[in-house]
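Residue numbers (our numbering), protein chains in the order written: chain A, 39 to 240; chain B, 140 to 882; chain C, 159 to 572.
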């Protein structure tokens with residue numbers, strides 16, 4: 039089932055779809071538009087709308103604007119908004135689920151290739167260190183589309199990186215490794231083997 | 140029994156060290172020839188108290204004058220059965236405010252005693268006014284939620300009730316509502332309407348006499364003795380009155396800009412209640428509405444309509460929205476608001492409405508258009524754009540409330556109409572963007588008070604019969620008449636029920652006190668009351684006009700007549716009287732004037748000016764006490780005369796002071812104006828008014844008008860007043876000595 | 159018909175404006191009343207307020223009248239330093255146990271102040287919310303009723319205590335005073351224990367603990383009070399300079415499911431009053447009010463309009479997300495302005511958190527209460543009054559207290 043596209047402002051069909059189909063969507067009803075979330079966001083200035091306004095746009099039935107918004111992609115999962123939200127709206131989950139909906143409904147085509155490259159970088163970090171190192175993952179992802187493009191992206195997102203460092207979502211220096219990387223590799227190999235047996239894609 | 144004044148001088152708390160006590164004794168002995176003069180190292184100790192008690196019991200003394208600490212402390216220690224006590228404030232206002240062992244400090248202490256001993260000669264024990272029978276029945280006017288609650292609660296406290304309802308039915312404006320805003324935890328679900336059960340309870344109660352289709356045609360008399368005449372011709376004697384006439388919705392026909400009248404599907408919140416009560420909410424097409432918008436503040440918070448917030452509309456809309464959303468979850472319900480006002484526990488109800496799927500849009504509804512369905516144009520502040528909200532099947536205007544302070548069906552009366560004017564203007568004077576025209580209720584009086592000042596309860600502002608006192612919400616200007624519920628202030632049902640209980644308490648309290656001849660708030664228990672010597676009266680009517688509580692009426696011969704239980708004992712009448720023929724047993728112009736004259740005035744070559752400070756005993760006087768506690772020092776040339784209220788300050792006092800050689804007179808009283816703080820409403824304003832007329836007198840005495848001045852003083856001015864006093868003393872010094880000195 | 163009450167006495171617990179009003183209204187209607195107060199003097203929270211909204215008048219003015227009423231009324235007995243530890247029974251026949259903590263100063267104290275002169279150590283000034291210190295022998299404040307000194311327990315058993323005792327000329331110091339308890343038989347109990355400020359330390363994102371210039375609304379009252387720690391000057395705690403750019407943050411804890419789920423009702427208006435305090439002291443001062451909804455109910459709308467007319471007061475519809483220390487040490491308020499979508503980081507001289515009210519004590523007997531701890535209803539139990547029943551302003555508290563007095567009168571007159 040696809041989300042309905044409202045024909046007029048504040049038609050609630052899209053909002054109601056979000057309430058029912060998005061993780062934490064019911065809780066969204068309680069948002070009182072205080073702005074604590076958008077104010078808490080380390081990269082709030084980078085977002086076109088920020089979660090607070092995005093939620094109002096959901097109510098207003100602005101489906102396309104919501105699903106093409108960069109807000110749903112830019113969440114760094116710091117959870118500052120979630121802990122501060124006076125109405126206990128699970129903002130992070132909602133944004134993540136909305137980005138999934140955006141892909142599902144084809145609003146995020148342009149991002150798809152990007153996502154695949156990002157996933158590859160993520161996987162690399164996970165298997166090599168047993169952790170995701172935000173700095174290295176990002177760097178590997180940026181440079182996956184060529185050296186020049188990588189530098190450009192890196193420079194453009196400097197502010198975000200700094201904010202992430204500040205909110206402890208990224209650290210500088212050597213990547214932390216989990217204990218027993220060897221065992222991890224064995225586990226990953228086993229997982230790959232099981233997946234192959236079930237004939238699923240990687 | 141002859142009056143025998145005794146002097147008791149305390150040597151404790153440093154008094155013995157700072158003052159020459161023997162010289163003080165000499166004042167009592169040589170000047171006043173008091174029969175008993177005693178000193179003690181600690182008068183408030185058991186031994187000291189026993190000393191005074193023994194003299195009282197032996198009959199050696201009938202009126203002890205205690206020269207020690209402020210009358211504001213040790214009150215319980217110095218309380219003796221059946222005896223009046225006077226206190227000379229030698230501690231806080233003498234030795235704590237002025238240097239020890241100083242000549243001027245000593246002179247001040249001696250003058251303090253002279254004033255007190257003189258006061259003693261003029262003080263009589265008040266005989267309470269208890270003439271005739273006193274009624275204990277309560278009149279409750281209005282048979283809505285407030286009135287029904289009041290009637291029911293009064294009976295529970297043991298009082299009979301006469302309940303007067305204008306319409307044919309009890310229950311008031313919320314009678315037909317199916318559900319009401321929740322007041323019980325968890326505050327989430329609309330609650331059952333308590334009115335049907337309450338109406339049944341009141342109707343079944345034999346102690347409540349209900350008069351339907353009735354209005355009050357006459358209210359004469361006073362607390363404990365109100366004579367009531369109803370429109371059915373019956374007459375009744377009641378002790379006190381609870382005014383519970385409630386409110387009515389703001390006239391929606393004035394809300395054309397919000398689409399009212401343009402379509403039958405633009406309705407008010409009250410009209411929606413009627414639809415909800417019918418069990419089926421439909422639009423003009425007979426269909427259940429699928430899209431509904433509530434427009435908040437329809438008329439309220441609007442200088443062109445109702446400048447105040449009607450308080451309940453947010454919660455009422457939440458309730459109605461929940462009812463619609465629950466009836467059909469597919470309905471799209473919007474509330475267009477500017478500020479969502481769900482104070483206290485009601486915040487939970489806001490969340491409940493959100494949970495039910497109601498959509499809240501912050502912004503002003505600028506236009507309601509009627510085309511293919513209704514469209515509300517909202518300046519949506521959160522989206523940052525103008526939004527056409529529609530097509531809508533139903534638009535509900537959350538219209539505010541207008542108090543029923545008058546009977547709109549009765550003809551207006553010219554006499555006393557000024558009582559309906561706002562007493563204050565609470566709105567910002569300088570702000571052109573929010574300048575509501577003063578609201579003056581139209582129609583006739585509800586109680587038809589047969590008072591000299593007019594038939595209405597005086598209004599505070601916006602047509603509400605409210606109190607202006609934060610600490611004393613039931614203190615209005617008509618003793619024994621207590622307004623409650625939305626006629627007093629916009630309030631919800633839970634608060635109305637509490638308010639009705641509070642008003643009933645005040646009503647049964649005034650009944651109890653009136654029968655004892657005792658005053659109610661703020662001079663609770665005061666047994667004195669003003670007596671008017673008619674032989675000297677010039678029928679000038681100042682007392683009847685100026686009494687803040689309308690306590691004085693006029694006879695057919697135009698003589699003033701006091702209604703003692705209406706009186707709050709401020710003495711404004713006594714201050715107003717040009718011939719000084721109004722006096723209390725224990726408080727009079729003669730007494731104050733004698734105290735003023737009791738002070739020794741050194742001649743001009745001594746260079747010891749004397750300044751009379753006439754201080755309000757509730758604010759300025761305690762502030763000066765606290766100045767002493769903080770050991771703030773000020774000139775010892777001042778002589779402080781406490782008064783019940785500056786309203787009781789008669790111009791004669793100023794005259795006497797200046798002709799007696801004082802170099803200046805300072806009035807210290809509470810703030811007048813829109814935020815007036817005088818607990819007798821107009822006392823300081825009256826004093827100011829009187830002062831404006833004294834310039835003439837001063838001129839005739841060849842005195843500088845600067846010798847008399849007024850200082851606005853609050854109780855928190857303990858640090859400021861000493862400075863103000865010193866500055867004024869310096870000013871009087873530059874004017875030079877009073878030429879009347881020594882004459 | 160209910161049985162006749164065993165006792166006609168009314169017990170009022172809590173000596174703030176609610177308890178004082180309930181006690182007086184009942185006593186002036188003819189009841190015998192016992193008023194119990196935990197602290198050393200009456201007045202509760204309002205005694206520590208500088209002024210009231212919307213009239214900007216002083217709470218001490220009304221307290222003065224009420225104290226006079228108490229002094230005049232032989233039917234009303236006051237016990238300070240006391241708490242009710244147990245209540246049994248029901249309307250008409252309650253038994254209450256009252257415990258009185260030592261004050262170390264007997265009723266014959268004349269408040270002359272000789273004890274304070276010889277006291278050498280200082281203790282936290284509770285009346286000023288710990289913003290300053292007082293001598294270990296102290297008068298709670300200039301308007302204290304009863305007007306009696308208190309000795310801090312810290313010095314009772316010390317040589318300093320002995321020298322304080324020696325200094326008292328009337329022998330009012332009793333260093334050996336022990337807690338005492340007594341039982342009362344009463345016909346009605348009015349529970350008026352009021353509120354306490356929600357702890358600002360719980361609001362970790364606002365860094366009340368770490369930043370000296372982040373204070374609470376109740377502390378602001380003391381800073382603005384003429385008898386407060388700064389003699390009424392609104393000064394920064396960090397360096398003592400005047401605060402000329404001030405942020406007032408609403409709903410600091412209130413309307414928040416992580417803290418106080420309800421609205422505390424008074425904070426918006428109290429903050430407007432604070433804006434006036436600042437604006438009166440400095441004509442060039444700038445005050446920013448951060449809010450979710452401005453709740454100026456009924457006639458208090460006029461007060462809001464008064465403040466709205468002041469161009470130097472800005473209104474930002476935003477719940478600030480956090481407060482950070484700025485490079486110059488000033489607190490920086492960060493958040494999103496919901497009307498402009500601007501994400502701001504604004505430095506201030508002083509930030510005042512409008513912390514809400516929470517109920518301060520629970521009756522020591524089974525009582526109907528809501529999830530927040532407010533007393534609701536009173537059938538068969540104690541009668542709630544004032545803020546013990548919900549967040550109320552002063553006027554509404556007195557209204558509620560007067561209603562509670564009626565409940566008590568009904569119970570004992572039955």
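Glycine included, each C-beta is placed from N, C-alpha and C at the ideal position.
Neighbour-count burial assignment, residue 270(B), 16 or more Cβ in a 10 Å radius | To locate residue 270(B), count along the second chain from 1; it is residue 131. Counting of Cβ neighbours within 10 angstroms places residue 270(B) among the exposed residues, the total staying below 16.
Exercise for review: Could you please give me the residues that DSSP links to residue 483(C) through a beta bridge?
Suggested key: What you label residue 483(C) is simply residue 325 of the third chain in a count that begins at 1. Partner(s): 489(C).
If the cut-off is 7 Å on Cβ atoms, which residues from the region 96-124 of chain A count as contacting chain B, listed in chain order?
Cβ contacts with chain B: 97 and 98.
- How about residue 328(C) and residue 151(B): do their beta carbons lie closer than 8 Å? Indexing the third chain from 1 puts residue 328(C) at position 170. Indexing the second chain from 1 puts residue 151(B) at position 12. It is a contact, given that the beta carbons lie within the stated cut-off.
In this structure, does DSSP put residue 842(B) in helix, strand or coil? What you label residue 842(B) is simply residue 703 of the second chain in a count that begins at 1. Coil.
message: Just to make sure I have the definition right: I need the residues of chain C whose C-beta is within less than 7 Å of the C-beta of residue 818(B). Which are they?
response: As a position in the second chain, residue 818(B) is number 679, starting the count at 1. 223, listed in chain order.
With 8 Å as the C-beta to C-beta threshold (strictly closer), list the residues of the region 41-56 of chain A near chain B in chain order.
Those residues of the region 41-56 of chain A that come within reach of chain B (Cβ to Cβ, closer than 8 Å) are 46, 47, 48, 49, 50, 53 and 54.
Point to revise | In chain order, each alpha helix (DSSP H) run of at least 4 residues that lies wholly inside the region 431-470 of chain B | key: When DSSP assignments are scanned along the region 431-470 of chain B, the uninterrupted stretches of alpha helix (DSSP H) that are 4 or more residues long and fall wholly within it turn out to be 452-466.
Start and end residues, alpha helix (DSSP H) containing residue 639(C): This structure does not reach residue 639(C), given that chain C is present from 159 up to 572, and the question cannot be answered.
*Contact under 8 Å by Cβ, residue 816(B) with residue 215(C)*: One-based indexing of the second chain puts residue 816(B) at position 677. One-based indexing of the third chain puts residue 215(C) at position 57. Yes, Cβ-Cβ distance for residue 816(B) and residue 215(C) is below 8 Å.
Hey, could you find the ends of the alpha helix (DSSP H) residue 326(B) is sitting in?
Numbered from 1 along the second chain, position 187 holds the residue referred to as residue 326(B). Run containing residue 326(B): none; DSSP gives neither H nor E here.
What does DSSP give as the partner residues of residue 176(B) in its beta bridges? In the second chain, the residue the question calls residue 176(B) occupies position 37. Bridge partners of residue 176(B): 146(B).
- Query: Who pairs with residue 512(B) in a beta bridge, going by DSSP?
  - Reply: Within the second chain, the letter at position 373 stands for residue 512(B). Answer is 510(B), bridged to residue 512(B).
- Hey, how far is the Cα of residue 238(A) from the Cα of residue 55(A)? As a position in the first chain, residue 238(A) is number 200, starting the count at 1. As a position in the first chain, residue 55(A) is number 17, starting the count at 1. Any reading at residue 238(A) needs caution, since the residue's pLDDT is 43, under 50, leaving its predicted position unreliable; the model's value is listed next. In this model, residue 238(A) and residue 55(A) are separated by some 30 Å (Cα to Cα).
### Message
If the criterion is Cβ atoms closer than 8 Å, does the pair residue 753(B) and residue 807(B) meet it?
### Response
Locating residue 753(B) in the second chain gives position 614, where the first residue counts as 1. Locating residue 807(B) in the second chain gives position 668, where the first residue counts as 1. Going by C-beta atoms, residue 753(B) is nearer than 8 Å to residue 807(B).
Worksheet entry | Collapsed DSSP secondary structure at residue 559(C) in the structure displayed | Indexing the third chain from 1 puts residue 559(C) at position 401. Residue 559(C) falls in the helix class under three-state DSSP.
**Report entry** Contact list for residue 529(C) against chain B, beta-carbon separation under 8 Å
**Finding:** What you label residue 529(C) is simply residue 371 of the third chain in a count that begins at 1. Near residue 529(C) (Cβ distances below 8 Å), the residues of chain B are 324 and 325.
Next item on the list: From the DSSP output, in three-state form, read off residue 236(C) for me.
Entry: As a first step, residue 236(C) is located in the third chain; it is residue number 78 there, counting from the start. Note: residue 236(C) maps to strand in three-state DSSP.
Discussion item. Please return the same chain residues whose Cβ sits closer than 6 Å to the Cβ of residue 636(B), not counting the five positions on each side in sequence.
Written reply: Numbered from 1 along the second chain, position 497 holds the residue referred to as residue 636(B). For residue 636(B), same chain residues with a beta-carbon under 6 Å away, outside a window of 5 residues either side, are 288 in chain order.
If we call anything under 8 Å between Cβ atoms a contact, is residue 278(B) one with residue 365(B)?
Working through the second chain from its first residue, we reach residue 278(B) at position 139. Working through the second chain from its first residue, we reach residue 365(B) at position 226. Taking C-beta atoms as the reference points, residue 278(B) and residue 365(B) count as a pair closer than 8 Å.
- Query: Under 8 Å between the Cβ atoms of residue 296(C) and residue 313(C)?
  - Reply: Here the question's residue 296(C) lines up with position 138 in the third chain. Here the question's residue 313(C) lines up with position 155 in the third chain. Here residue 296(C) is not near residue 313(C), since their CB atoms are 8 Å or more apart.
Q. Hey, is residue 231(A)'s beta-carbon within less than 8 Å of any beta-carbon in chain B?
A. As a working mapping, residue 231(A) is identified with position 193 in the first chain. Using a Cβ-Cβ cut-off of 8 Å, residue 231(A) does not count as an interface residue toward chain B, since no Cβ of chain B sits closer than that to its own.
Practice problem: Report, in whole angstroms, the separation of the C-beta atoms of residue 450(C) and residue 72(A), which I expect to be a contact under 8 Å. | Solution: As a working note, residue 450(C) is residue 292 in the third chain. As a working note, residue 72(A) is residue 34 in the first chain. With a contact defined as Cβ atoms closer than 8 Å, residue 450(C) and residue 72(A) qualify at about 5 Å.
- Query: If you run the structure through DSSP and keep just helix, strand and coil, what is residue 95(A)?
  - Reply: Taking the first chain and counting its residues from 1, the one referred to as residue 95(A) is at position 57. Looking at residue 95(A) - three-state DSSP - the assignment turns out to be helix.
Environment of residue 463(C) [buried if 16+ CB atoms lie within 10 Å]: Here residue 463(C) is taken as the residue at index 305 of the third chain, counted from 1. Burial call: buried.
Proximal residues of chain A, C-beta to C-beta of residue 429(C) below 7 Å:
Position 271 of the third chain, counted from the first residue, corresponds to residue 429(C). For residue 429(C), none of the residues of chain A pass the 7 Å Cβ criterion, the least Cβ distance being about 16 Å.
Self-check item: DSSP state of residue 567(C) mapped onto helix, strand, coil
Solution: The residue you call residue 567(C) lines up with position 409 of the third chain. In the three-state scheme derived from DSSP, where H, G and I count as helix and E and B as strand, residue 567(C) is classed as helix.
**Asked** Got a sec: is the Cβ-Cβ distance from residue 861(B) to anything in chain C below 8 Å?
**Response** Along the second chain, one-based indexing puts residue 861(B) at 722. Judged by the 8 Å Cβ criterion, residue 861(B) is not in contact with chain C.
| said: Can you tell me whether residue 187(B) is helix, strand or coil according to DSSP? | reply: Translated into the one-based positions of the second chain, residue 187(B) becomes position 48. Correct three-state label for residue 187(B): helix.
In chain C, which residues lie less than 9 Å from residue 479(B) when you measure between Cβ atoms? Working through the second chain from its first residue, we reach residue 479(B) at position 340. Under the 9 Å cutoff, chain C gives 450, 451 and 453.
Exercise. What does residue 355(C) pair with, by DSSP beta-bridge criteria?
Worked result: As a working mapping, residue 355(C) is identified with position 197 in the third chain. 515(C).
* From 526(C), 298(C), 394(C) and 356(C), residue whose alpha carbon lies closest to that of residue 487(C) -> Position 329 of the third chain, counting from 1, holds the residue named residue 487(C). Residue 487(C) has its Cα closest to that of 394(C), out of 526(C), 298(C), 394(C) and 356(C).
Output the residue ranges of the beta strand (DSSP E) runs that lie fully inside the region 198-263 of chain B and measure 3 residues or longer, sorted by chain position.
-> 202-207 and 225-228, all fully within the region 198-263 of chain B.
**OP:** In angstroms with no decimal places, state the Cα-to-Cα distance between residue 576(C) and residue 364(C).
**Re:** No statement about residue 576(C) is possible, as the shown extent of chain C runs from 159 to 572 and does not include it.
With DSSP as the reference, label residue 240(A) as helix, strand or coil.
-> Residue mapping note: residue 240(A) aligns to position 202 of the first chain, counting from 1. At residue 240(A), the pLDDT of 36 sits below 50, so the modelled position is not reliable and the matter cannot be decided from this model.
Spatially closest choice to residue 802(B) from 844(B), 423(B) and 784(B), by CA coordinates: As a first step, residue 802(B) is located in the second chain; it is residue number 663 there, counting from the start. It is 844(B).
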